[in-house]
Structure formats: structure tokens, C-alpha cells
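> Below: one structure in C-alpha cells.
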Amino acid sequence: MKLEVIPRKDNKDSLNSIIAKIREYVNYKNLEPQDKLPSERMLSEKFGVSRSSVREAIQKLEFYGILKSIPQSGTFMAEIGIIAINGIIDEILRLGASDFKSLVETRILIELKTVRLAATRRTEEDLIQIKAALDAYSEKVLKGEDAVQEDLIFHLAIARASGNNTMNNMMLIIIPEILINFEKYHVCDKNGNEGLIRIKEHTEVYEAIIAQDTQLAKQKMKEHFKALYEYCYNV
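Position in the sequence shown (from 1) plus 730 gives the number in this note's numbering.
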């Protein structure tokens, strides 16, 4: 398994413009919860943009719980009032790109929770996936090769084992940005000793999950993140 980093499209302003137009349409038509929006084709013609751009805007609004798409039926307003919708969209339009420190802080907060849940809820299949990721990482490190992606796949396997889909999804959202920043700032030291230390740390986290020791799993993950956290605040 390999994570593919896809550069982010420089279309934020265009996407925000479409989201703003959707909001104007919703307000103009006084749409209420469960009301149906026009089709992507109709909206693209109305706004003078491509259907793919409208689809991306709808998907973003759906992610934030404002719209709800039903296959073969269309896109509908969610079960929230217009005041809340306008407030949420205001925040969406003000969203900026996450800086590296914010990404690291968010990742640490999520993973200290997911590793505890994984230690409680992991299945035999989860342990197999975590071990496979650990072995893949170790193999790359011992060969002196770049193992950044294998490192993150190991952490994603733990997030999946937590049984919390929301946390797992959040990890999947921030991982591409973290990969880009790892490459940008040359975060991972390719020194052999550093790699061996990380193998040991990964193994200790994995063994704590096997033992279903939640406190030990959290402690070992905190120790594993110590260097990254310090690096983050020295960038």
C-alpha cells in the first residue's frame, strides 16, 4: 500500500465563489430542511461554471453537514436552520490553509485518542494490518530508504483499529498535507540510528495494543511523538 500525494488545486477562490452563490440561491429561494436543490447541470448553467466545480462545492458543503446527497434522488438541504447554515458557510469561506504546527498538533491529539481506542477495540485482523505496516516500515528503514509513507500507513492502521470512523476520516484528511510538509521541511532524518529508534518506538506501541494496555499505548505514542512535537515548535 502506498499513499499518493496529490498536489492541492489552486482553485480555492473559485470554489468559495460557487459556495457563496449556492448560499445566495438558498436564501433567495428560502429553502428549508429537506428541500431539494436544482441538479448539478442546472446550477452549473446558472452560475456559469463547470459541473465538476459545482460537484466539488456540493461535496464540501455535504462534508460540513449543510447538504445531503441521495443517489438517484438529488441533493437536499440538511436538517438545520438557515441561520446556522449561513453561520457555517461564513466560517467555511474564512477557512485558511492549515500550517504545519496546526497539522502536527491535530495529529497528536487524534492519535493519542485513537491508540487508546485501538488497544481496547482491536481485532485480530487489525493486528495483522498494523504488523504488516510495521514490517513494511522496518524493511525500508533497514535498507536505508525513505520510509515516510510507510510510517504514516502504520499510524493509519492504528486509527482504523480504533473503530472510530470520524477520527479515521480526520486522519485521512490531514495525512496528505502532512506528507507535503514532511517533504517541504525535510522533517524525517535519514540517519540510520534515528530510523532504528523509530522502529523500536513503533514496536512498543504495537505491543501495547496487543496487550490491550490503554495507558501504556498512550504513553508509548507520546514518547514516539516527542521529537516531532519539538521539531514542530522549532520550525
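Every residue gets a Cβ at the ideal spot worked out from N, C-alpha and C, and that includes glycine.
What you are looking at is a predicted structure, and each value in this text was computed from that prediction instead of being measured.
Does the Cβ-Cβ distance between I888 and V845 come in under 8 Å?
yes
> Rounded to the nearest angstrom, what separates K739 and L902 at their Cα positions?
Because K739 carries a pLDDT of 47, less than 50, the predicted location of this residue cannot be relied on, and no value is offered for it.
> Between Y959 and I838, is the Cβ-Cβ spacing less than 8 Å?
yes
> Would you list the one or two residues that DSSP bridges to M807?
L797
> How would you label D881, buried or exposed, when you count the other beta carbons within 10 angstroms and need 16 or more for buried?
buried
> In terms of residue numbering, what span does the alpha helix (DSSP H) encompassing G874 cover?
For G874, no alpha helix (DSSP H) run applies, since DSSP gives it neither H nor E.
> Give me the Cβ distance between I905 and F884, rounded to the nearest whole Å; I'm assuming they're in contact under 8 Å.
With 8 Å as the limit, I905 and F884 do not qualify as a contact, their Cβ atoms being about 12 Å apart.
> Is the CB-CB distance between I813 and F806 below 8 Å?
no
> Assuming A849 and Q942 form a contact by the criterion Cβ under 8 Å, report the distance between their Cβ atoms to the nearest whole angstrom.
5 Å
> Given a cut-off of 8 Å on the beta-carbon distance, is the pair R753 and E770 in contact?
no
> Distance, Cα to Cα, E772 vs L797?
The amino acid occupying residue 772 in the given sequence is Met; Glu does not appear at that position. Going from the Cα of M772 to the Cα of L797 covers about 17 Å.
> How would you label K956, buried or exposed, when you count the other beta carbons within 10 angstroms and need 16 or more for buried?
exposed
> If you count every other CB in all the chains shown that lies within 10 Å of the CB of E907, and 16 or more means buried, which is it?
A residue is called buried when at least 16 other Cβ atoms come within 10 angstroms of its Cβ; E907 meets this threshold and is buried.
> Would you decide whether R824 is buried or exposed? Buried here means 16 or more other CB atoms lie within 10 Å of its CB.
exposed
> Give the straight-line distance between the Cα atoms of L872 and K790, rounded to the nearest whole angstrom.
In this model, L872 and K790 are separated by some 41 Å (Cα to Cα).
> For G925, is the classification buried or exposed, using 16 other Cβ atoms within 10 angstroms of its Cβ as the cut-off for buried?
buried
> From this set, I815, Y867, Q879, which residue's C-alpha is nearest E936's C-alpha?
For the record, residue 936 in the displayed sequence is Tyr; it is not Glu. When each option's Cα is compared against that of Y936, the closest is Y867.
> Among L847, A808, I748, Q764, which has the Cα closest to the Cα of S780?
I748
> From what residue to what residue does the alpha helix (DSSP H) around A848 run?
In the DSSP assignment, A848 falls within the alpha helix (DSSP H) that extends over 830-851.
> Let me confirm a value: Q945 is counted as buried when at least 16 other C-beta atoms fall within 10 Å, else exposed. Which label applies?
Around the beta carbon of Q945, a 10 Å sphere encloses fewer than 16 other beta carbons of the protein chains shown; the residue is thus reported as exposed.
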